[in-house]
Amino acid sequence: MASSPCGGGNFDCGLEIQTRSVEQTLIPLVSQITTLINHKDKLKKTEKTLRAIQRVGQAVSVAVGRFVAVGEAIAAENEDLKDEMGLACFEARRAGTAIAQLTDVSSLEQCEGDGRSTVFSDRTGMVKAARMLLSSVTKVLVLADCIVIKQIISSRNKVLVTLEQLERVSTFQEFVQIFSQFGNEMVEFAHLTGDRQNDLKDEKKRARMAAARAVLEKCTMMLLTASKTCLRHPDCESARINKEAVFQRMRLALEQVIEIVTDTRSGGEAKALPVSIYAGIKDFKVKVEGLRDSLYCVSCEAVAAQLEALVEKTEDFTDSAYTSHEQRETIIQLCQITRQETKQLISTWRHVQQLLKAKEATDEVELSILKTCQSVSDLRRELHRVAVGRATELLKLHSDHLVLQALKASGGDGNLEAVADYAGTLTEHKEHLVETCRLLCHISGTEPLEITCIHAEETFRVIGPQIISAAKTLALHPTSKIAKENLDVFCEAWESQLCDMAILLKEINDVFEGRRGDKKTYLSLPRPGKHSANLKTVKAAKLDAEEQTTIAKLGLELCLLTSDVDSEVERWDEQDHEMVRLYQIISSMAYSMYLFTRGEGLLKTTLDLFHQAEVLSDQGLQLCHILHSLSTQLLDEDRILILSETEKLSAACQQLQVCAKTPVQGKSAIFQKVDSSIQNTKGILTVVVYLLPICNKLIRKCKSERSCLASPQHWREKQLSTTVSEETLNGKGSSGFGVKSLEQHMANLTFLESK
Numbered sequence: 010m011a012s013s014p015c016g017g018g019n020f021d022c023g024l025e026i027q028t029r030s031v032e033q034t035l036i037p038l039v040s041q042i043t044t045l046i047n048h049k050d051k052l053k054k055t056e057k058t059l060r061a062i063q064r065v066g067q068a069v070s071v072a073v074g075r076f077v078a079v080g081e082a083i084a085a086e087n088e089d090l091k092d093e094m095g096l097a098c099f100e101a102r103r104a105g106t107a108i109a110q111l112t113d114v115s116s117l118e119q120c121e122g123d124g125r126s127t128v129f130s131d132r133t134g135m136v137k138a139a140r141m142l143l144s145s146v147t148k149v150l151v152l153a154d155c156i157v158i159k160q161i162i163s164s165r166n167k168v169l170v171t172l173e174q175l176e177r178v179s180t181f182q183e184f185v186q187i188f189s190q191f192g193n194e195m196v197e198f199a200h201l202t203g204d205r206q207n208d209l210k211d212e213k214k215r216a217r218m219a220a221a222r223a224v225l226e227k228c229t230m231m232l233l234t235a236s237k238t239c240l241r242h243p244d245c246e247s248a249r250i251n252k253e254a255v256f257q258r259m260r261l262a263l264e265q266v267i268e269i270v271t272d273t274r275s276g277g278e279a280k281a282l283p284v285s286i287y288a289g290i291k292d293f294k295v296k297v298e299g300l301r302d303s304l305y306c307v308s309c310e311a312v313a314a315q316l317e318a319l320v321e322k323t324e325d326f327t328d329s330a331y332t333s334h335e336q337r338e339t340i341i342q343l344c345q346i347t348r349q350e351t352k353q354l355i356s357t358w359r360h361v362q363q364l365l366k367a368k369e370a371t372d373e374v375e376l377s378i379l380k381t382c383q384s385v386s387d388l389r390r391e392l393h394r395v396a397v398g399r400a401t402e403l404l405k406l407h408s409d410h411l412v413l414q415a416l417k418a419s420g421g422d423g424n425l426e427a428v429a430d431y432a433g434t435l436t437e438h439k440e441h442l443v444e445t446c447r448l449l450c451h452i453s454g455t456e457p458l459e460i461t462c463i464h465a466e467e468t469f470r471v472i473g474p475q476i477i478s479a480a481k482t483l484a485l486h487p488t489s490k491i492a493k494e495n496l497d498v499f500c501e502a503w504e505s506q507l508c509d510m511a512i513l514l515k516e517i518n519d520v521f522e523g524r525r526g527d528k529k530t531y532l533s534l535p536r537p538g539k540h541s542a543n544l545k546t547v548k549a550a551k552l553d554a555e556e557q558t559t560i561a562k563l564g565l566e567l568c569l570l571t572s573d574v575d576s577e578v579e580r581w582d583e584q585d586h587e588m589v590r591l592y593q594i595i596s597s598m599a600y601s602m603y604l605f606t607r608g609e610g611l612l613k614t615t616l617d618l619f620h621q622a623e624v625l626s627d628q629g630l631q632l633c634h635i636l637h638s639l640s641t642q643l644l645d646e647d648r649i650l651i652l653s654e655t656e657k658l659s660a661a662c663q664q665l666q667v668c669a670k671t672p673v674q675g676k677s678a679i680f681q682k683v684d685s686s687i688q689n690t691k692g693i694l695t696v697v698v699y700l701l702p703i704c705n706k707l708i709r710k711c712k713s714e715r716s717c718l719a720s721p722q723h724w725r726e727k728q729l730s731t732t733v734s735e736e737t738l739n740g741k742g743s744s745g746f747g748v749k750s751l752e753q754h755m756a757n758l759t760f761l762e763s764k
């Protein structure tokens, strides 16, 4: 699929599986088939064993038959894949029949008398049939996955056609009509690509997809206001430039999505990421530490050259006008120390090679390896401190958005001279942010985070000039409500990217401090027979592109609150305490609601969101019950504080619960309910963030004084009982794609047990 994921081609067993849904579907089958063919040669042929083997064979044959029926139905609907899918289904059916025949051992004596092959007498045949089954099933799944890719390409093509129509419109009436269609197409594209992003195995591709989808999300609203401004002021050059930049950026993002899903690039070979300092240091240390195993695994010249390349990259830090003199001197000094230690290592290394003819490191070489690795680690730590410190200061500096407010005011006053002055200031801020993103990229710690840093750098680089052109348009037409709205939208995009940068900064710190790990997306979606009374009153709905953009800012604030909760939870001494578990669940559920605002994650419709909000409020009320129990163990002042905050939490949870359960009708009412649900969830998390350090302190205090809170079981007995499925706690991603029916039938192939 690397060359042509959706085309013909010869599929073979060496085909790269690119999605987790296909991989996870195959893993159990591979494991259980392996168990079946690796049975003991001298297995006791008891009646129980024979019956079990025959049951397995028959069940495999039936399950394969159902699986193949779905594959053949897909083939009938997709003419270009019909032949390949048909052949794969034929091979799967033949392999299933062969396994059934080989495991038909109900009367072993009769089989042996007839000279018929069985799993006992023809192990080679069994292995061959198993391999054919795995190969053909893989082909069917990958071909089905190609159909998903076709759906994404088809959706992109529809968006492009409508985008071209939008660019050419000349009247408001025509624009409104076409933009409505465009919004629906973008929502469809967002859900298809969101599912694909969650399903991709490659972390770098997931990060690139997230970046491209973020561009499309933000540009959709920009496109609306920029186009309206151009229609209202057709002779305004700055409005035209503003609009053209948005359309161009959307086209590039759409192209990037297709490059990712098809694993190709329009310009030929894949563009490699520039090597960051972190990646260079990591590779340098691997080479140096490899000398412990062999003194000849790498040349002295290669190690020296790699170090010089690393030192050259640190010039991005030392040459920056924003780096202080003290920071510059420290970095240069650490580079010099690393050079000296590496030079000493090479000297010792050569000496040992020449005089002792040793193949492995001596004590002298080992000491030099340790010193060299320590010096380069010290350099990395200092670079991290400088980059993160600068980013933190910048985020604080821009938290009040004074320059943006000044541009809005100057534009509204029609003061072109003031707009030009503030535009210069914004340009300086943009250059500072762009450079800081480049430094963060150097020390980010993982390739996906590097990709996110590059996306942030590009976003600031592009949006800065767009804000300036929008401000000029407003200054030329100070009474224009549309021009004012347009400037507001671009300023909000800038503010949103600053929020994204704050999240990115936390993730980089988490990696550096060894706290990296995928965020759990807690999900408790409706199941048949459960919560049905409530669900009947609400009609599932999807928000359109404009509404999703409106709640995106709310979602970012919610995400930052979940990060604060996680940070506070990590400070708790008793990580197995019942409170910690509830705090984590609430944070994870809120995070899944944040993903919904981005069109990602497992909450696909407003119905899913409202159900998640209801479950979150239940968990919050359980936390209130535990807090009440805690208050009984406290003295007056502390008890009053806890009870006061518990009342706030309880009120917020009840408000969210009422909001989630209240049936509404109509698009506007549903949107208001979404907005209220997220606002109420923010209120709950705000109280939780305040309570976390207080509870941690009080529990430590009580434990040291009376040891009354030492056992989590003590609190477990006092709280309301609840059952949270492990499956829902660990559920991440969704196959989506219309391959689900295949996967359901594949599940019937995974029940094989070792007998």
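Following the numbering used here, the numbering of the sequence shown begins with 10 at its first residue and continues without gaps.
No residue lacks a Cβ here, since even glycine has one placed at the ideal position from N, Cα and C.
Everything numeric in this text was worked out from a predicted model, so none of it was measured.
- Counting the other CB atoms within 10 Å of its CB gives V385 a total of 16 or more, which places it among the buried residues.
- Nearest to N689 by C-alpha distance, out of R709, I595, F99, is I595.
- Setting aside the 5 residues that flank it on each side, A235 is surrounded in the same chain by N251, K252, V255, N495, each with a C-beta closer than 7 angstroms to its C-beta; the list follows chain order.
- A contact is defined here as three or more CB-CB pairs under 8 angstroms, and the region 255–273 fails this definition with respect to the region 287–297.
- Residue E335 holds the alpha-carbon nearest to the alpha-carbon of V395 among T180, E335, V297.
- In this structure, V31 lies near D154, with their beta-carbon atoms less than 8 angstroms apart.
- Annotation for L263: R165 place their beta carbon closer than 6 angstroms to its own, counting only its chain and skipping 5 residues before and after.
- The beta carbon of I341 sits closer than 7 angstroms to those of T327, all from its chain and outside the five residues before and after it, given in chain order.
- Inter-segment contact for the region 637–646 and the region 664–675 is absent: fewer than three beta-carbon pairs are separated by less than 8 angstroms.
- The Cβ neighbour count for Y305, taken over all protein chains shown within 10 Å, is under 16; the residue is labelled exposed.
- The three-state reading of DSSP puts T347 in helix, counting H, G and I together.
- Membership of R249 in the alpha helix (DSSP H) is indicated by the continuous run 246–271.
- When the Cα atoms are used, S626 and E522 turn out to be separated by approximately 33 angstroms.
- The alpha carbon of T133 has as its nearest neighbour, out of S144, S145, L143, L111, the alpha carbon of L111.
- The Cβ neighbour count for P457, taken over all protein chains shown within 10 Å, is at least 16; the residue is labelled buried.
- Note that the C-beta distance between K294 and R29 is not below 8 angstroms.
- Residues of the same chain with a CB within less than 8 angstroms of the CB of S247, apart from the 5 flanking positions on each side, are S478, A479, K481, T482, L485 in chain order.
- Checking the DSSP bridge columns, you'll see T28 partnered with L209.
- Across the structure, F469 and M231 are spaced so that their CA atoms are roughly 15 angstroms apart.
- The count of Cβ pairs closer than 8 angstroms, one atom from the region 661–671 and one from the region 617–633, reaches three, so the stretches are in contact.
- When S489, K322, Q353, S408 are compared, the shortest CA-CA separation from C450 is found for K322.
- Going by C-alpha positions, D519 is about 49 angstroms away from R102.
- Counting only residues of its own chain and dropping the five nearest sequence neighbours on each side, A216 has a CB closer than 7 angstroms to the CB of P457, I460, T461.
- Rounded to whole angstroms, the gap between the alpha carbons of E88 and K159 is 13 angstroms.
- Within the same chain, S419 come within 6 angstroms of A427 by CB-CB distance, once the 5 residues on both sides are set aside.
- In terms of Cβ geometry, I26 and V196 do not form a close pair [threshold 8 angstroms].
- By the beta-carbon neighbour count (other beta carbons within 10 angstroms, threshold 16), I83 is buried.
- Cβ contact annotation for I162 (same chain, cutoff 8 angstroms, sequence separation greater than five): C15, I267, V270, T271, in chain order.
- Residue state for E226 is assigned as helix, using DSSP reduced to three classes.
- Around the Cβ of S303, a 10 Å sphere holds fewer than 16 other Cβ atoms; the residue is exposed.
- With fewer than 16 other CB atoms across the displayed protein chains lying within 10 angstroms of its CB, E579 is exposed.
- In this structure, L611 is the residue among L630, I687, L611 with its C-alpha nearest to the C-alpha of H200.
- In the three-state reduction of the DSSP assignment, N87 falls in the coil class, being assigned neither a helical nor a strand state.
- Here T180 carries a coil assignment [DSSP, helix/strand/coil].
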